[in-house]
Each structure stands twice: as structure tokens, then as C-alpha cells.
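One structure is given below, encoded as C-alpha cells.
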Amino acid sequence: MSTNKIEFDALVVGGGIAGLQTALDLADQDFKVAIVERDATIGGKMIRLSKVFPTLDCASCITTPKMSAAAHHPNITSFTYCELQSLKKTGGEITALVTQKARFVDEIKCIGCRQCEYNCPVFVSDEEQGGFAARKAIYIPFSNAIPQVALMDVENCTLCGKCAKVCPTNAVDYFQKPESFTLTAKTAVITTGFEFTPVEDKQQYGYGEIPNVINALQMERLLAPHGPYNRVLRPSDGMEPDSIAFIQCAGSRDKSMGVSYCSRVCCMYAIKQAMLLSGAVPMADIAIYYMDIRAFGKGYEQFYQNSKAMGVEFIKGKVATIDPGENGSVKLHYEAQGKDGGVKTAEHDLVILSLGMVAGWNPENVCAVSKGDDAFIKTIQPKIAPTLTDMEGIFVAGVAAGPKDIVDTIVEAGAAAMEASNYLTKRRRKLAA
Ligand SMILES: Cc1cc2nc3c(=O)[nH]c(=O)nc-3n(C[C@H](O)[C@H](O)[C@H](O)COP(=O)(O)OP(=O)(O)OC[C@H]3O[C@@H](n4cnc5c(N)ncnc54)[C@H](O)[C@@H]3O)c2cc1C
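According to the numbering used here, the residues represented by the sequence shown are -8 to 424, in order.
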């Protein structure tokens, strides 16, 4: 990567579905767009999902074409595995200092043949498969990752040299160093998405301690056609679970975790996963422990009703603590509501925590754009112009501005692209006058 200043019309920070849609909409209007993505691949969380509510379309069948369209668009340049160091606006120009992290593989020389990966003797837990499978110490994150460029996990590499020996293009570079470069643009759109609420902090739920307590993204991987086992098995012993439970609001609407807001998508994704599980494990009993169901979008209430008709049980009650039970089972202690209410205990083979969303990026010390009280990027006109931040010419879209589903993310990305396009056009006219 050169250290030269590279000029664009628009900078999109984050290459999830919001960033891809924003970049494509701007690029189709002939603006030159840079996407800066900190991960080794574009695609964000959506490419890691199994199917999506409410249509149950395959997530990668929708996301991969968008990733590919962005990667091949003549007006888009993607900078992956890059960290944004600073984003400043001086006069009408935005300057971003970006660091290309070391992959220890030459991005230009690598042809994605995976010979390095096949010949690497080191197996480590694969975070892309929820930790349920292994990957190598030099690897391409997943089969439809873009770009198809390997990266080395130096912490686990034993420096045996096998990858370098088999690489047909001499792309492996053990001495590669991070490199910084500068991008300039006239406008920027922040699409930095979300991370999960750190549920490890809530010890009552036993996540990380009780092997059959997993999170919702791990369940997405178990349900994905290209998931770790090709079937749904519980992690502790590979048994097909007979009884599965979802715990709602595990990391949302919970002041003890500093997340008092509703993450909006957890009810719907739990219902989706429950429906998919009734197909994948037809004999299993499936229960959702909830406070209230928020089926807020078009067709969502019907989706919820369909899940009940399919036999998914909804138990109104707040789960307080989770303990290990006998033979790998998981014990829930909860306060049931309604006429049979009171403190109760139930046992299940597998438990999924429906985790909430927290902001994926903290702009502090990087960019002067403000955060709201919830730590997501602050929007100054949330009703009539929800993509405006408090810095003129810098816009926001998707979960970067607050929890939302894919439909709302795509709509907002289109709106942000339109705001950015108007801003660029007005600016051009002003300069020409
Ligand atoms: C378990 C689960 C299941 C779900 N299922 C569904 C579903 O079925 N249907 C539905 O409508 N919605 C679903 N959702 C919600 C959906 O995932 C989000 O709406 C969508 O992913 C939001 O996209 P985004 O681009 O805003 O954010 P993200 O997907 O989080 O993408 C943000 C991107 O920005 C990058 N980034 C972050 N910070 C920086 C930085 N500083 N510099 C550079 N890059 C950065 C990240 O690496 C990431 O690639 C689900 C969510 C979860 C957790």
C-alpha cells in the first residue's frame, strides 16, 4: 500500500451491508468512493447470518452479490483490514489517516489459491464458525470473503515456513509491517455497525463457563448451510438437542449492563432461529423466554404468529440466572408472569442468549462527530433527516446510528447516499459559480 494521498469524492467507513449499499448508490451516480473496512473482508454481520427474517432468504445469497458488485465497481475502491486513525474536516475537505494492518501476505501477489492454508499444520479455533470448528494459522476468513486474500494469525503461527514454500506467487511475507496512508474526500458516511453486548460481564448467564450456553451469532453459524457441523448439535458432546431455549433481552433493556435501550432485532431473530430449528431438529421442544415481543416491521407480526402455529412455545418471564444441570443440560431460574407466575426452574439441552447491540465504533480521539447517550452516532434530525450527524458533510447509516434490522439499514443507506450526493452536487455548483 502506498503512502500517497489518494483522492475520492466520498469515504464510507465500514463495509457491512449499510456501507456496501451506500457505496453502490454513490458509485452508480459516478462518484468515486472509498470503503475503509477494519475486517479482512467486506460483508459485515449480514454475511455471517444463516437466513434472514421475515422472508427466510439465504443471507449470503443476498449479501454476496452486493459484496461482489462493490468489489468490481469501477468507481469503488475497498481498503480492507484497515484501521481508521483519524478523520478530520478542514474547510470542505475530509482527510482520513488509515493504517493498513499487516496480513503477512502481499495483497497484490496473493491469488487466493489457499495452498498456504491447506499446507499449514496449525489448527486454531475458528471465530467465523462461532468457535465450533478449526481454521489454520494462515487462512482466508471464509469461502465467499472478499477479497480472497489470505492473512496470517501471527500469534498462532509456528514459523514452520510451509506456507511460504508452497505459495506459487511468493506472496507470504513474514516481515510485512503495517503501513499508513491518507485518503481525502469531500464527504463521508459512517456505517460502522455494531458489536454484541459483552455478555461475559453478566456472570449470572454463565456464558463462556457453561458449554451449552451459546450466543445468537453462534446459533446463526449452527443453522447456516456452510456452518461447522452441517446439523444442529450442542457443543459439549455433539448431541442433537431435544429441548432448546432462547433468553430474550440478554444484554438489552438491562441497566446492569449499561444497555437500557431495546436492540429491536432480537425478538425477530430469535423467532427466525426457532422456526429454522423446528425444521433442522423437528423433534425438539423450542421455548422463547421473553418480556414482551416486539414484532415491529412489515409482515413481522404474521411471522411471529406463524412461529406459534409451528409449535414454538413463548414463556413470559425474565430469566435471572443460569446454572449447569445434569449431563450437559442447562438450568434456568426465571420469574414467570401471568396467573401461574412466580419463581420457577426449567431445564434445557441448549440455551441461546439473544444478545443486544452496542455501537461498533467509538469516534472519540478519531473524529469530532458526536455520540448520543446510547453511544451510537448522534443524529441531529432523527425524524426528518435521520442520516445527518452534527458535522456538515458527514452522514451516518445503518446500526452505526442505532439498532435496526436489514430493511431499515438498507433504506437508511440509500438515504445517506442521497444526502451525500446532494451535498457533493451543491458543493460542485458552488465552486463552479
Ligand atoms: C444474531 C443476529 C441475527 C440477525 N438476523 C437478522 C435477520 O434475520 N434479518 C434482519 O433484518 N436483521 C437481522 N439482524 C440485524 C442485522 O445483522 C443488521 O441490521 C445489519 O447487519 C446491520 O448492518 P450494518 O452495515 O449497519 O452493520 P454491520 O453489519 O455491523 O457492519 C459494520 C461494518 O463496519 C466495520 N467497522 C466497524 N468499525 C469500523 C472502523 N472504525 N473502521 C472500519 N470499519 C469498521 C465492521 O467491521 C463491519 O464490517 C441480525 C442481527 C444479529 C446479531
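Even for Gly, the Cβ is constructed at its ideal location relative to N, Cα and C.
Per the DSSP secondary-structure output, H217 pairs with nothing in a beta bridge. The beta-bridge partner set that DSSP reports for F70 consists of V27. With distances taken between CA atoms, N135 lies nearest to A62 out of K335, A1, A62 and S227.
In terms of side-chain proximity, the C-beta atom of E211 is found nearer than 7 angstroms to a non-hydrogen atom of ligand 1.
For Q91, there is no enclosing alpha helix (DSSP H); the residue is found in the beta strand (DSSP E) stretching over E84 to Q91. In the structure shown, D314 adopts extended strand secondary structure according to DSSP, grouped into three states. The Cβ atoms of I33 and M58 sit closer than 8 angstroms to each other. Cα atoms of F386 and P112: separation of roughly 45 angstroms, rounded to the nearest angstrom. According to the DSSP assignment, T175 belongs to the beta strand (DSSP E) that extends over E170 to A176.
Taking 7 angstroms as the cut-off, the C-beta of Y281 does not count as close to any heavy atom of ligand 1. One alpha carbon belongs to V321, the other to C151, and they sit about 42 angstroms apart.
Taking the Cβ of L40 as the reference point, at least one heavy atom of ligand 1 falls within a distance shorter than 7 angstroms. Short of 8 angstroms from the beta carbon of G319, and not among the five residues preceding or following it, lie these beta carbons of its own chain, in chain order: P202, N203, R225, S227, D228, M230 and D340. For I371, same chain residues with a beta-carbon under 6 angstroms away, outside a window of 5 residues either side, are L379 and D381 in chain order. The closest heavy atom of ligand 1 lies less than 7 angstroms from the beta carbon of R29. In terms of side-chain proximity, the C-beta atom of V360 is found no nearer than 7 angstroms to any non-hydrogen atom of ligand 1. Apart from sequence neighbours up to five positions away, the residues of its chain that approach E211 with a beta-carbon distance below 6 angstroms are L40 and S41, ordered along the chain. Residue pairing by DSSP places D245 opposite V250 in a beta bridge.
Between A275 and P216, the gap from beta carbon to beta carbon reaches 8 angstroms or more.
Taking a C-beta distance under 8 angstroms as the contact criterion, I(-3) and F172 qualify as a contact pair.
Distance from the C-beta of F172 to the nearest heavy atom of ligand 1 is not below 7 angstroms.
If you compare the alpha carbons of A162, P159, V140 and I129 with that of N147, the shortest gap goes to I129. Closer than 7 angstroms to some heavy atom of ligand 1: that describes the Cβ of K36. Nearest in C-alpha terms to Y109, of all of A391, R126 and K100, is R126.
Beta-carbon to beta-carbon, V27 and C73 are separated by about 5 angstroms, close enough to satisfy the 8 angstroms threshold. Taking a C-beta distance under 8 angstroms as the contact criterion, C107 and V180 do not qualify as a contact pair. Taking the CA atoms as reference points, D192 sits about 15 angstroms from S251. In terms of CA proximity to V157, R105 leads the group A404, N297, R105 and N206. With a 10 Å radius around the Cβ and a threshold of 16 neighbouring Cβ atoms, E410 comes out buried. In this structure, the C-beta of V349 stays at least 7 angstroms away from each heavy atom of ligand 1.
Bounds of the beta strand (DSSP E) holding L2 are A1 to V4. Per DSSP, R126 is one residue of the beta strand (DSSP E) stretching across A125 to K127. In summary, G82 is exposed, with fewer than 16 beta-carbon neighbours lying within 10 Å of its beta-carbon over all protein chains present.
In terms of Cα proximity to D97, the closest of A155, A50 and L75 is A155. Relative to I279, the option among L323, D314, G405 and Q139 whose CA is nearest is L323. Taking a C-beta distance under 8 angstroms as the contact criterion, C253 and R222 do not qualify as a contact pair.
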